[in-house]
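Right, one structure below, let's go through it.
2 protein chains.
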Amino acid sequence: MSPIEFWFDFSSGYAFFAAQKIDDLAARVNRPVLWRPYMLGTAYKVTGARGLSATPLKRDYARLDWARIARAQGLDFRLPADHPRVALAATRAFYWIEHESPKRAIPFAKRVFSGYFTEDLDTASPEAIAALAPEFGLSTEALLAGIADPALKARVRQIGESAVADGVFGSPFFIVDDEPFFGWDRMAMMEDWIRCGGW
Amino acid sequence: MSPIEFWFDFSSGYAFFAAQKIDDLAARVNRPVLWRPYMLGTAYKVTGARGLSATPLKRDYARLDWARIARAQGLDFRLPADHPRVALAATRAFYWIEHESPKRAIPFAKRVFSGYFTEDLDTASPEAIAALAPEFGLSTEALLAGIADPALKARVRQIGESAVADGVFGSPFFIVDDEPFFGWDRMAMMEDWIRCGGW
Numbered sequence: 001m002s003p004i005e006f007w008f009d010f011s012s013g014y015a016f017f018a019a020q021k022i023d024d025l026a027a028r029v030n031r032p033v034l035w036r037p038y039m040l041g042t043a044y045k046v047t048g049a050r051g052l053s054a055t056p057l058k059r060d061y062a063r064l065d066w067a068r069i070a071r072a073q074g075l076d077f078r079l080p081a082d083h084p085r086v087a088l089a090a091t092r093a094f095y096w097i098e099h100e101s102p103k104r105a106i107p108f109a110k111r112v113f114s115g116y117f118t119e120d121l122d123t124a125s126p127e128a129i130a131a132l133a134p135e136f137g138l139s140t141e142a143l144l145a146g147i148a149d150p151a152l153k154a155r156v157r158q159i160g161e162s163a164v165a166d167g168v169f170g171s172p173f174f175i176v177d178d179e180p181f182f183g184w185d186r187m188a189m190m191e192d193w194i195r196c197g198g199w
Numbered sequence: 001m002s003p004i005e006f007w008f009d010f011s012s013g014y015a016f017f018a019a020q021k022i023d024d025l026a027a028r029v030n031r032p033v034l035w036r037p038y039m040l041g042t043a044y045k046v047t048g049a050r051g052l053s054a055t056p057l058k059r060d061y062a063r064l065d066w067a068r069i070a071r072a073q074g075l076d077f078r079l080p081a082d083h084p085r086v087a088l089a090a091t092r093a094f095y096w097i098e099h100e101s102p103k104r105a106i107p108f109a110k111r112v113f114s115g116y117f118t119e120d121l122d123t124a125s126p127e128a129i130a131a132l133a134p135e136f137g138l139s140t141e142a143l144l145a146g147i148a149d150p151a152l153k154a155r156v157r158q159i160g161e162s163a164v165a166d167g168v169f170g171s172p173f174f175i176v177d178d179e180p181f182f183g184w185d186r187m188a189m190m191e192d193w194i195r196c197g198g199w
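Line order of the protein sequences matches chains R and Y. Heads up: the first sequence begins at 1 in UniProt numbering, then just goes up one per residue. Heads up: the second sequence begins at 1 in UniProt numbering, then just goes up one per residue.
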């Protein structure tokens, strides 16, 4: 079965909530999940949109809504004071790990999410991200060198630009069997869609 | 019990879908609904956002998503060729009717939604909107005069500006017991919230 593509920005609150439940959803419909971090800024260049936290009214609403969702789901959730950080180091690290040690990529992504949204992890800092390497049996030095590699950087940029060219514009954003679903609040509909084979 | 405030723009596809189910939702939680059309442009002036149909990528996604929701719910749904129209005439008419004959305001709003999204009703045209008056036992001439009245125009503008000042920025947008809920896809959460008395 083709995978559920799960596109997200590591600084997206709604993506954090999606990450908490995508595994269970995928298991129910017997699909693998292809985790695909990218930089939302790549999409904003095309849509002209801005991030929630840079948008009057939406900024305050999003913070209220995230806190409300977290309480409903019993999740720890604390925004860094300087949210949103530009999680480019974390995004590059994900793809380096995926290439070097594929099975560790998704656990690493989950670690980044929980680090950022509960422990103030600096997802923009190569050093802070590389310091996570030993938790995954990897070398801090190798990860630091990997995310500085020009070829890796180019590949990460290309993955994001290609996604946006395919219509990805938000976070979380899912594609399954060529059908796009935007938002944490479309996950139930996506599950129905997969189960029904579309409608 | 305090009402569910239902803020919407008559040209909003997601508001059309919300309008199909807000009555049933409100009945289940025993709340009245206060229908409040406004011009989304009033919010865009503050947020800097643009309408879905003016936003690359989101435009195409929204059309796909609306059609998908309509099919799932067995609803007729056809966008006017020049969507989105600026539904100022329809919005003014709603508030004139609400003042003159309160019980007819919600049926009128539903008629505008179905007209726009299934029959190409020109919601921007005072004449096209006023022509609906006889369906509600009202005079076409009186409605046409009413929506041209400077005091009514000022009141409609003030209602929208006041809503945006209170944090309303989208369509549909709900407020109940001072708690805001943005989007068609937050209706289930809102229902839970009312039932629980918040969390």
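We put the beta carbon where it would ideally sit given N, CA and C, even for glycine. Computed from a predicted structure; not experimentally measured.
query: At least one CB of chain R closer than 9 Å to the CB of residue 189 (chain Y): is that the case?
result: What you label residue 189 (chain Y) is simply residue 189 of the second sequence in a count that begins at 1. At least one beta carbon of chain R lies nearer than 9 Å to the beta carbon of residue 189 (chain Y).
message: If you measure between the beta carbons of residue 166 (chain R) and residue 194 (chain R), is that distance less than 9 Å?
response: Position 166 of the first sequence, counted from the start, is the residue given in the question as residue 166 (chain R). Position 194 of the first sequence, counted from the start, is the residue given in the question as residue 194 (chain R). In this structure, residue 194 (chain R) does not lie closer than 9 Å to residue 166 (chain R) by Cβ.
message: Would the region 137 to 154 of chain Y count as touching the region 25 to 43 of chain Y if we require 3 or more Cβ pairs under 8 Å?
response: Taking a cut-off of 8 Å for Cβ pairs, the region 137 to 154 of chain Y and the region 25 to 43 of chain Y do not touch, as fewer than three such pairs fall below it.
- prompt: Nearest-angstrom Cα distance between residue 174 (chain R) and residue 61 (chain Y)?
  reply: Residue mapping note: residue 174 (chain R) aligns to position 174 of the first sequence, counting from 1. Residue mapping note: residue 61 (chain Y) aligns to position 61 of the second sequence, counting from 1. Looking at the two C-alpha atoms, the distance is approximately 12 Å.
message: Please report the straight-line C-alpha distance between residue 48 (chain R) and residue 17 (chain R), rounded to a whole angstrom.
response: Stepping through the first sequence from its first residue, residue 48 (chain R) is reached at position 48. Stepping through the first sequence from its first residue, residue 17 (chain R) is reached at position 17. Their Cα atoms are separated by approximately 25 Å.
- request: Using a Cβ-Cβ cut-off of less than 8 Å, list which residues of the region 27 to 58 of chain Y approach chain R; keep chain order.
  value: Going along the region 27 to 58 of chain Y in chain order, one finds 43, 46, 47, 48, 49, 50, 55, 56, 57, 58 with a Cβ nearer than 8 Å to chain R.
- request: Would you mind reading off the limits of the beta strand (DSSP E) that contains residue 36 (chain R)?
  value: As a first step, residue 36 (chain R) must be located in the first sequence, where it is residue number 36. Start and end: 33 to 37.
- request: Compare the C-alpha of residue 191 (chain Y) against each of Y:12, Y:23, Y:57, Y:137 and name the closest.
  value: Translated into the one-based positions of the second sequence, residue 191 (chain Y) becomes position 191. Looking at the Cα atoms, Y:23 is the closest of the given residues.
query: For the alpha helix (DSSP H) that contains residue 66 (chain Y), what are its first and last residues?
result: Position 66 of the second sequence, counted from the first residue, corresponds to residue 66 (chain Y). Segment 58 to 73, the alpha helix (DSSP H) holding residue 66 (chain Y).
- prompt: From the beta carbon of residue 185 (chain R), is the nearest beta carbon of chain Y less than 9 Å away?
  reply: To locate residue 185 (chain R), count along the first sequence from 1; it is residue 185. With 9 Å as the cut-off, residue 185 (chain R) counts as an interface residue toward chain Y.
query: By Cβ distance below 6 Å, which residues in the same chain neighbour residue 13 (chain R) in space, the five residues on each side in sequence not counted?
result: As a working note, residue 13 (chain R) is residue 13 in the first sequence. The residues are 66.
- prompt: CB-CB under 6 Å to residue 27 (chain R), same chain, minus the five flanking residues each way: which ones, in chain order?
  reply: Position 27 of the first sequence, counted from the start, is the residue given in the question as residue 27 (chain R). Counting only Cβ-Cβ distances below 6 Å, and skipping sequence neighbours, we find nothing.
- prompt: Does any C-beta atom of chain Y lie closer than 9 Å to the C-beta of residue 72 (chain R)?
  reply: Sequence index remark: in the first sequence, residue 72 (chain R) carries index 72 (1-based). Nearest CB-CB separation between residue 72 (chain R) and chain Y: below the 9 Å threshold.
Positions along the region 82 to 112 of chain R whose CB lies within less than 7 Å of some CB in chain Y: Shown here is that no member of the region 82 to 112 of chain R has a Cβ falling below 7 Å from a Cβ of chain Y.
First and last residue of the uninterrupted alpha helix (DSSP H) at residue 141 (chain Y): In the second sequence, residue 141 (chain Y) corresponds to position 141, counting from 1. Its alpha helix (DSSP H) spans residues 140 to 147.
query: Should residue 98 (chain Y) and residue 138 (chain Y) be called a contact, given that it needs their Cβ atoms to be closer than 9 Å?
result: Indexing the second sequence from 1 puts residue 98 (chain Y) at position 98. Indexing the second sequence from 1 puts residue 138 (chain Y) at position 138. No, the Cβ-Cβ distance between residue 98 (chain Y) and residue 138 (chain Y) is not below 9 Å.
message: If we define contact as Cβ-Cβ less than 9 Å, is residue 167 (chain R) a contact residue for chain Y?
response: The residue you call residue 167 (chain R) lines up with position 167 of the first sequence. Interface residue, yes.
- request: Check each residue of the region 9 to 25 of chain R: if its Cβ is closer than 7 Å to any Cβ of chain Y, include it; give the result in chain order.
  value: Residues: none.
query: So, do the region 76 to 86 of chain R and the region 102 to 111 of chain R have three or more beta carbon pairs nearer to each other than 8 Å?
result: As far as the Cβ criterion goes, the region 76 to 86 of chain R does not touch the region 102 to 111 of chain R, which means the pair count is below three.
query: Can you name, in chain order, every residue of its own chain whose Cβ lies under 8 Å from the Cβ of residue 180 (chain Y), other than the five neighbours on each side?
result: Reading the second sequence from its first residue, position 180 is the one you call residue 180 (chain Y). Closer than 8 Å at the Cβ level, and outside the excluded window around residue 180 (chain Y), lie 167, 168, 173, 174.
- request: For residue 185 (chain R), count neighbouring Cβ atoms within 10 angstroms of its own Cβ and tell me buried if that reaches 16, exposed if not.
  value: The residue you call residue 185 (chain R) lines up with position 185 of the first sequence. With at least 16 other beta carbons inside 10 angstroms of its own, residue 185 (chain R) counts as buried.
field: N-terminal and C-terminal residue of the beta strand (DSSP E) that residue 7 (chain R) is part of
entry: Indexing the first sequence from 1 puts residue 7 (chain R) at position 7. DSSP places residue 7 (chain R) in the uninterrupted beta strand (DSSP E) bounded by 4 to 8.
- request: Could you work out which residue in Y:15, Y:93, Y:131, Y:128 is closest to residue 154 (chain Y) when comparing CA atoms only?
  value: Within the second sequence, the letter at position 154 stands for residue 154 (chain Y). Ranking the options by Cα distance to residue 154 (chain Y), first place goes to Y:93.
task: Could you check what DSSP says for residue 181 (chain R) in three-state terms: helix, strand or coil?
output: Taking the first residue of the first sequence as 1, we reach residue 181 (chain R) at position 181. Note: residue 181 (chain R) maps to strand in three-state DSSP.
query: Quick one: is residue 78 (chain Y) near chain R, going by C-beta distance under 9 Å?
result: Position 78 of the second sequence, counted from the start, is the residue given in the question as residue 78 (chain Y). For residue 78 (chain Y), not one C-beta of chain R is nearer than 9 Å to its own C-beta.
message: Can you tell me whether residue 188 (chain R) is buried or exposed? The criterion is at least 16 other CB atoms within 10 Å of its CB, across all chains shown.
response: Locating residue 188 (chain R) in the first sequence gives position 188, where the first residue counts as 1. Counting other Cβ atoms within 10 Å of its Cβ, residue 188 (chain R) stays below 16 and is therefore classed as exposed.
message: Taking the alpha helix (DSSP H) that residue 108 (chain R) belongs to, which residues open and close that run?
response: Taking the first residue of the first sequence as position 1, residue 108 (chain R) is located at position 108. Per DSSP, residue 108 (chain R) belongs to the alpha helix (DSSP H) from 105 to 119.
field: Burial state of residue 71 (chain Y) (16 or more Cβ within 10 Å)
entry: Translated into the one-based positions of the second sequence, residue 71 (chain Y) becomes position 71. Taking all protein chains in view, the Cβ of residue 71 (chain Y) is surrounded by fewer than 16 other Cβ atoms within 10 Å, so the residue is classified as exposed.
- request: May I ask which residues mark the beginning and end of the beta strand (DSSP E) holding residue 77 (chain R)?
  value: The residue you call residue 77 (chain R) lines up with position 77 of the first sequence. In the DSSP assignment, residue 77 (chain R) falls outside any beta strand (DSSP E) and carries neither an H nor an E.
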